[in-house]
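The numbering used here puts the first residue of the sequence shown at 33, with every later residue one more than the last.
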Amino acid sequence: MSYKTTPVNQFPKLVSQWIKKYDVTAPAEAKNGLEYKTIGDPAEMMLNNRVNTTYAPKAFFLPQSEKLFTVEHGRFQAPELKTKPRLLLGVRPCDTRAFWLLDTVFLAKGEEDAYWQRRRADSLVISFGCDTPCASCFCTSVGGEPFGREGSDIQMTQLEDVYVFEAFTEKGSALINKLPEADAATVKKVKALQKTSAAEMPKAFDNTNLRDHLYALFEDDFWKEVAETCLGCGVCTYLCPTCYCFDIVDEVQRGERVRNWDTCMFRVYSQEASGHNPRPNKAARTRQRVMHKYAYWIDSINEFGCTGCGRCVVNCPVNIDIREIVSAAQARSAKMEAAK
């Protein structure tokens, strides 16, 4: 795989060229920190900020609310999706890994979601490797890396005054094929930085047999204890890059069927038409969230459904830390096993 380069001070010119062809979306300043925005000027982007965006970029492929179709005079009409391709620039590897994980859901063979499929096909993703991860990040504890490749077409690495690009897909290669080749010394520095960043990132918890530890606690009072302070606000799931639960609503007056984000942390999410709710309390809903991330995804594709982005850790209003929950679950399960 070849490596390409461009000087940092020349990068805005390159982005200006991309803006002519793509809807370029990059981290930009917002009221509540950083958000991914479609930019019209390279000066708007903030790639070197060491803090991740507040909201995950999954919304560009799975909008928080989207019209699936309309019905008028007995005719079904699917909405026309935008045709201009999108270039997602500066996405952190934890978020591109989330794209890769969600592809297994929305692009499952024979069950492809046409809306997700179209948006993914019309998009190009350039990730920006993390040489200085945040204290809340824990990607290496869940199978990721600060320079992970999953879900991206190209990865950017900054070496002082130069950006180095590595393409992983054909459309990624096509975008940067006219850039100068990186010399051997530059490539060596990139590989060394990637290796060092992964090695220096502390482990949040040991994930060995984590699935089994969680299953062992399924009926335990552990979940009541860790959920005691939870407000049920759902911020952990709405900001999560891999949560994909949704609800389907028929807006009868407008003749529309709409898909909206939903969350397993809401009481009514699992309530059945009969009125019965199999997850009637915070403990059951917290268990569902944690089990889905660290056990059910393992059952399904042998990967954790958490990318370690840390958004839930940073934004929980009562400071619930999923890393602490996982560590406590392991300790509790191990203690139970030892007592047998």
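C-beta atoms are modelled at their ideal positions from N, C-alpha and C, and glycine is treated no differently.
First through last residue of the beta strand (DSSP E) which encompasses residue i
i    : result
V194 : 194 to 199
P125 : From DSSP, P125 is part of no beta strand (DSSP E) but of the alpha helix (DSSP H) over 125 to 138.
Y35  : 35 to 39
P59  : 55 to 62
R291 : 288 to 293
L66  : 65 to 70
V103 : 97 to 104
V281 : 278 to 283
L211 : Run containing L211: none; DSSP gives neither H nor E here.
Q109 : 107 to 109
Residue of the options minimising C-alpha distance to residue i
i    : options                : result
F38  : E304, L246, V194, V346 : Sequence check: residue 38 is Thr here, not Phe. Minimum Cα distance to T38 is reached at V194.
S359 : A316, L46, A167, Y326  : Y326
Q285 : L249, E104, Y35        : E104
E232 : R107, C166, K203       : C166
K203 : L225, D244, R152, M77  : R152
M77  : L121, C262, C344       : L121
I357 : L242, K210, W329       : L242
K210 : C348, L46, N41         : L46
E182 : T339, K221, L79, K367  : T339
R364 : L134, P89, F250        : F250
A361 : T274, N239, A199       : N239
L119 : G72, L133, K141        : G72
T274 : E144, H324, N347, T102 : H324
W329 : R150, G106, A130       : A130
G287 : P310, L100, L134       : L100
R173 : P349, F336, I352       : Per the sequence shown, the amino acid found at residue 173 is Ser instead of Arg. Among P349, F336, I352, the Cα nearest to that of S173 belongs to F336.
S168 : V350, A370, V345, I352 : V345
D185 : W132, V222, Y147       : W132
G175 : Q109, I333, K114       : I333
Q49  : K114, P74, V300, M368  : P74
F138 : F278, M188, I352, V222 : F278
V222 : G180, Q190, L246       : Q190
K36  : L246, D353, P212, M188 : P212
Inter-residue Cα distance where the pair is residue i and residue j
i    : j    : result
G65  : T86  : 7 Å
Q303 : I280 : 14 Å
N264 : M297 : Per the sequence presented here, residue 264 reads as Gly, with Asn not at that position. Roughly 6 Å between the two C-alpha positions.
A248 : T318 : 16 Å
F197 : Q320 : 39 Å
R291 : I208 : 36 Å
T70  : Y54  : 10 Å
K314 : W255 : 8 Å
T218 : R124 : 22 Å
P178 : S306 : 47 Å
G161 : Y68  : 17 Å
D244 : D252 : 14 Å
D282 : A214 : 54 Å
F170 : P234 : 8 Å
L163 : E192 : Note that residue 163 is Asp in the sequence shown here, rather than Leu. Each residue's alpha carbon lies about 12 Å from the other.
A199 : S155 : 15 Å
A17  : G106 : Since the first and last residues shown for the chain are 33 and 372, residue 17 lies out of range.
R343 : E112 : 32 Å
R289 : K141 : 24 Å
P89  : K372 : 46 Å
E61  : K227 : 30 Å
C126 : C341 : 6 Å
E144 : L134 : 11 Å
V322 : E257 : 14 Å
A206 : Q149 : 21 Å
C262 : C348 : 9 Å
V350 : N309 : 25 Å
L79  : T295 : 30 Å
C10  : A216 : Because the chain spans 33 through 372 in this model, residue 10 falls outside it and cannot be assessed.
A230 : A224 : 10 Å
K114 : E98  : 13 Å
Whole-number beta carbon distance between residue j and residue i, since they are thought to touch under 8 Å
i    : j    : result
V83  : T128 : Between T128 and V83 the Cβ distance is about 17 Å, and since that is not below 8 Å, they are no contact.
T136 : F92  : About 18 Å separates the two Cβ atoms, so there is no contact after all.
R355 : A236 : 4 Å
L94  : Y270 : Wrong, their Cβ atoms sit about 12 Å apart, outside the cutoff.
P18  : N41  : As displayed, the chain neither begins before 33 nor continues past 372, which places residue 18 out of reach and without an answer.
T102 : Q96  : No, T102 and Q96 are not in contact; Cβ-Cβ is about 19 Å, not under 8 Å.
Extent of the continuous alpha helix (DSSP H) to which residue i belongs
i    : result
L242 : 242 to 248
F254 : 254 to 258
G204 : 202 to 208
T189 : Segment 186 to 191 is the beta strand (DSSP E) holding T189; no alpha helix (DSSP H) there.
S173 : Run containing S173: none; DSSP gives neither H nor E here.
V345 : 343 to 347
V350 : Unbroken run through V350: none, as it is neither H nor E.
R152 : 146 to 153
Y270 : 267 to 270
Any chain C beta carbon closer than 8 Å to residue i
i    : result
K314 : The chain labelled as chain C is not found in the depicted structure, where only one protein chain is given.
Exercise for the section: Could I get the ranges of all uninterrupted alpha helix (DSSP H) runs contained in the stretch 290 to 329, with 4 residues as the minimum, in chain order? Expected result: 314 to 323
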